[in-house]
Amino acid sequence: MFPFLSRNKMSDAPEVNPAPAKSHEPHPLDALTGGAFSAATSGERASRIRDWLATQPGSEQLQEVFKELSGRDKGAARAVRERLDEIRRAKGQEVIAAEWADKAQALLAGPKLNIADALAWQRDAAKAGAPLSREPLSQLKVQLADRVKVIEDLQHRVQVQREAAVLLAQRIEVLSTKPWRDAQGALEMLGADVARWQHQADELASDGSWASVDARFPPLLDASRVQLLVVWDAFQPAVAQAVLAAEDVSAPLPPVPVWADELRAARGLPPEAGSGGAEAAAGRPARAPKPRLSPEAVEKSMHAVREALATLERETAEGHGKASAGAAAALRAVLKQHGKNIDQAMEHQVHAALVAAGELEGWQRWGADQVREELVAKAEALLSRPDGQALGGRKMQETLRSLREQWKKADQGGAPNHALWKKFDEACNAAHKVVETWLDRIRAEAAEHKTQRLALIDEVKAWAQEHSASGDWKGINRALHQFGDRWREGGHVGEKIFAELQPLWKQAISAAAAPFETAQKESLGRRHAMIDEAVALGAAPMLRIDAVKALQQRWQAEAQTVPLDRKHEQKLWDAFRKPIDEAFNRKSADRDRAVTELSARDKVVLEASKALEAANASGDAQQIRAAMQALEAALRGQAQAAEAVATARRDEQQAVAAAGDATPAAASADALDAAPVVDEGAAQGVPATAPASRPTRPVVAVRGDDRPGMKKDAPAPAGRGTRPGERRDGRPGDRDGGRGSRPDSRAGDRPDRGGRFGDRPAFEDRGPRLGDTAFRAQRDAMEHAQLALKKLAAQAHGEALTQLMSAWEKRDPSQVPGTQELGSGVTPAVRAAWTQALSSPPGADASEALLRLEMAADAPTPAEHISARRMLQLQLLTRRNDPAPTQTWGQDAARVLASASDAGNARRLQNALKILLRK
26 MFPFLSRNKM SDAPEVNPAP AKSHEPHPLD ALTGGAFSAA TSGERASRIR DWLATQPGSE
86 QLQEVFKELS GRDKGAARAV RERLDEIRRA KGQEVIAAEW ADKAQALLAG PKLNIADALA
146 WQRDAAKAGA PLSREPLSQL KVQLADRVKV IEDLQHRVQV QREAAVLLAQ RIEVLSTKPW
206 RDAQGALEML GADVARWQHQ ADELASDGSW ASVDARFPPL LDASRVQLLV VWDAFQPAVA
266 QAVLAAEDVS APLPPVPVWA DELRAARGLP PEAGSGGAEA AAGRPARAPK PRLSPEAVEK
326 SMHAVREALA TLERETAEGH GKASAGAAAA LRAVLKQHGK NIDQAMEHQV HAALVAAGEL
386 EGWQRWGADQ VREELVAKAE ALLSRPDGQA LGGRKMQETL RSLREQWKKA DQGGAPNHAL
446 WKKFDEACNA AHKVVETWLD RIRAEAAEHK TQRLALIDEV KAWAQEHSAS GDWKGINRAL
506 HQFGDRWREG GHVGEKIFAE LQPLWKQAIS AAAAPFETAQ KESLGRRHAM IDEAVALGAA
566 PMLRIDAVKA LQQRWQAEAQ TVPLDRKHEQ KLWDAFRKPI DEAFNRKSAD RDRAVTELSA
626 RDKVVLEASK ALEAANASGD AQQIRAAMQA LEAALRGQAQ AAEAVATARR DEQQAVAAAG
686 DATPAAASAD ALDAAPVVDE GAAQGVPATA PASRPTRPVV AVRGDDRPGM KKDAPAPAGR
746 GTRPGERRDG RPGDRDGGRG SRPDSRAGDR PDRGGRFGDR PAFEDRGPRL GDTAFRAQRD
806 AMEHAQLALK KLAAQAHGEA LTQLMSAWEK RDPSQVPGTQ ELGSGVTPAV RAAWTQALSS
866 PPGADASEAL LRLEMAADAP TPAEHISARR MLQLQLLTRR NDPAPTQTWG QDAARVLASA
926 SDAGNARRLQ NALKILLRK
């Protein structure tokens, strides 16, 4: 398309690769598109394409231009693609339009047109995407609408004729209650009205669309005709007979009671005689008396009416519109057969039930219309939403589907309303255009996504051939993951297209990943072999650290070379490190076991702690205290101290035996080394003449210089042999060693205090440090013991207080607890006063003593005694020399015990003593 100029070999120009010159040959399609391919900019190219599209080119030209232009400028090619989509959509719509046109013509050509079928045609055509706004569907839509309008008008006229028949019958009934001359005067006008009504009814029946009227309307018209003619045929002879009876006295009276009474009065006959004479004159036989029904027949009729009435009341209460209408019809049928045999109360009950059923049916119709009006408003509001809140295609589609389902449910609850349906369907069809636009865009995007996915499959195949011999498994794995991400993000396509593309993609990606999967299988084998080596190293009695490090380095190198799935690789790593970790843990456990072996003292403390825990579980205070003392003794290490003393004595005896065989030089060295020890023994008050009787410590510190290069067994420098607080009695190098004692010194007058801090007691030797297990065991045991003692003390305190309240209630001094049970706050004198108070009969009121007790315990006072307590507090402020309530609460309690016991005072006394006995 763009040929490069060949360089002339005979030219004298230097050997340099010249830049290819641009070709100025016009594109073959430039003449067709008005120079779109030779345009300098994309905007100019798009403008020329739009101008060319305005000339309405053919589909073949559009296809050729789009094929060439899509690779150059996608923005300019978009307009061509949209025109192609419109042509494709128009062809599809022509087929759909022809199909729905045939259906509409079949509906119009039929002898009977159902309104529901006509409305369903319009709805289904809109759903199928038929162009209802174009010919011939637009004309057919208008024809169907006109036909439906005619049918609805006929139905409306039937209802009007029915109401007119009822009004004519009411006029005739009203005239039968007025004088017969008024009826005679209105006879001609009534006859004209009845004739006009019959003519209009005949016109309705002869209309061409009468066969399409709903099946329930012709019977209504026929029933109205029959009822009107029956009344009219009875009214005409009655008026003629009344005229004849007025002219001839011997003529029979008319059957209308009002007219008969009027004519009877005109003849001068009494009503009774006239009645009998009328019957005789008419030649009619006297009416026979009605036969009386049997009680069984009456009960049977009442039972049938009750069952039908109960069914109607149940359906009405549950709100079932259609079921209640059927039950009302069944009750009316029963009344026609048994209505004469029911009593007045049952008749009123039946009438009330029928009225309620009619109201329910009317309410359901009204409620259905209200729901339909709401649905119409919602459908019309779909296209009138504010800016920025318009519904998208999918949301609009779901909303329209939901609205139509709600309309179907509304039609099931009552009679259909065709006028509202027409408005609703038009609003839904207008809103469905948004769905159509969205579907077109989805189809175009699906086609583009399909092209992209096919290109990706070709790219994967080319990449697989290029990298078939590569050993960079990490790069291959990364590329495969990238291909998978691009496939997942390739955009939405239809299920059918995806089912076609998915096998091709799986085949291409499997072929590309085959070498990598083979390498992964080989790597798995090597890793399992290394896991077996790790198990063997971990099971060895002696853990080789160098072998473990080498094995771990091999594993890391393998993991860096061939990557696996993250979860699988983690599982393999866990299996590899498990035996090695177990070996290291076993080694650490052995080391810790060697470090944390219990000493003899730890064992004694542990046994004492277990004994204390057992005492805590028993709940005996004496056992707990004894176990605590035993644990404290074990902590002080008394048993170990005794054993250490015996061991030290044996060591000293052995040392004395060995000293007899030593050289004089060793003896003099021992004497020098023993001098500081003798001084220390003198400072502590131990006689120096019995060194064997003094216990020596198991570990003896060697005094010396710890610095590097110094001898640790060299004697200490002069003047530094004593500890802080010890006197330097004239040693060499001492500050006062050469001066002697001063004559004015008073040192002889005071006793030797043993140094500067000699008056302090020596620190208690607590023995060696406890192990962690023994320390925690003894700490927990002591804490549990203290809590148990506190709990037992509180329990004993509560029992003693309860026993005291029981003794007050029974006035039995023998039930008063002892001083040990009551606590240290109760002296024997106070207990004796309480016992004496309970021995005497109940005395006066002790309200003031109770108030003093509450003040001493700082306990709350009941609301009804608050004012008395405040008054007492004011009085106590004036009694400065009187003892406070906290000092006399024992005597106040005796005064309360001396009074009579009741529930309120007992509660107040118990609350106060509960606090006072704990102080």
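So for the sequence shown, my numbering puts the first residue at 26; every next one is plus one.
Using N, Cα and C, we set each Cβ at its ideal position, and we do this for glycine too.
For Val255, the enclosing alpha helix (DSSP H) covers residues 242-272.
If only complete runs of 4 or more residues are kept, the stretch 790-837 shows the alpha helix (DSSP H) at 797-835, in order along the chain. Under the three-state reduction of DSSP, Phe62 is assigned to coil, being neither helix nor strand.
Going by C-alpha positions, Leu360 is about 24 angstroms away from Gln195. For Leu165 against Ala129, the beta-carbon gap comes to about 4 angstroms, under 8 angstroms, which counts as contact. DSSP places His373 in the helix class (H, G or I) of the three-state scheme.
For Ala818, the closest alpha carbon among the candidates Gly644, Gly915, Leu829, Arg426 is that of Gly644. In the DSSP assignment, Glu340 falls within the unbroken alpha helix (DSSP H) covering 320-343.
In this structure, Asp218 and Leu193 form a Cβ contact; the two beta carbons are roughly 6 angstroms apart against a cut-off of 8 angstroms. Exclusion of the five residues before and after Gln374 leaves Leu334 as the residues of its chain whose Cβ lies within less than 8 angstroms of its Cβ. Just measuring C-alpha positions, the residue of Val330, Pro885, Ser634 sitting nearest Thr798 is Ser634. In this structure Leu215 does not touch Ile176 by the C-beta definition: roughly 32 angstroms separates them, more than the 8 angstroms allowed. Ala572 is the residue among Ala572, Ala582, Glu583 whose C-alpha sits nearest the C-alpha of Ile605.
Judged by pairs of C-beta atoms under 8 angstroms, the stretch 918-937 touches the stretch 874-884, as three or more such pairs exist. By the neighbour-count criterion, in which a residue is buried when 16 or more other Cβ atoms sit within 10 angstroms of its Cβ, Gly500 is exposed. A distance of 8 angstroms or more separates the beta carbons of Val120 and Ile74. Our two residues, Arg894 and Arg661, have alpha carbons roughly 55 angstroms apart in a direct line. Restricting attention to Ala524, Phe523, Pro528, Ile534, the CA atom closest to the CA of Ala487 is found in Ile534.
Within its own chain, the residues whose Cβ lies closer than 8 angstroms to the Cβ of Glu558, once the five positions on either side in sequence are excluded, are Leu576, listed in chain order.
For Ser84, the secondary structure class from DSSP, reduced to helix, strand or coil, is helix.
With contact defined as three or more Cβ pairs closer than 8 angstroms, the stretch 829-843 and the stretch 854-867 are in contact.
As for any alpha helix (DSSP H) of minimum length 4 sitting wholly inside the stretch 844-871, the runs are 844-847, 853-864, ordered along the chain. Between the alpha carbons of Leu589 and Lys521 lies a gap of roughly 34 angstroms. CA-CA distance, Asn366 to Arg182, rounds to 40 angstroms. By the CB criterion at 8 angstroms, Val238 and Ala263 fall outside the cutoff. Close CB contacts of Leu416 within its chain, under the 8 angstroms cut and outside five residues either way in sequence, are with Leu407, Arg410, Thr424, Val459 (chain order). In the same chain as Leu278, and ignoring 5 residues on each side of it, the C-beta atoms closer than 6 angstroms to its own belong to Ala270, Ala285, Leu288, Ala303, in chain order. One Cα belongs to Glu399, the other to Ala469, and the distance between them is close to 36 angstroms. Ranked by Cα distance from Arg419, the first of Leu379, Leu464, Asp450, Ala444 is Leu464.
Within the same chain, Cβ atoms closer than 6 angstroms to the Cβ of Ser201 are found at Val281, the five residues on either side in sequence being excluded. Met567 sits in coil when the DSSP states are folded into three classes, being neither helix nor strand. Of the candidates Lys612, Trp598, Ala290, Lys612 places its Cα closest to the Cα of Ala564. Comparing C-alpha distances from Asp247 to each of Arg187, Trp205, Leu212, Arg221 shows the shortest one belongs to Arg187.
Selection Arg569, Val485, Leu568 evaluated against Ala539 yields Val485 as nearest (Cα-Cα). With 16 or more neighbouring CB atoms inside 10 Å of its own CB, Ser924 falls in the buried class.
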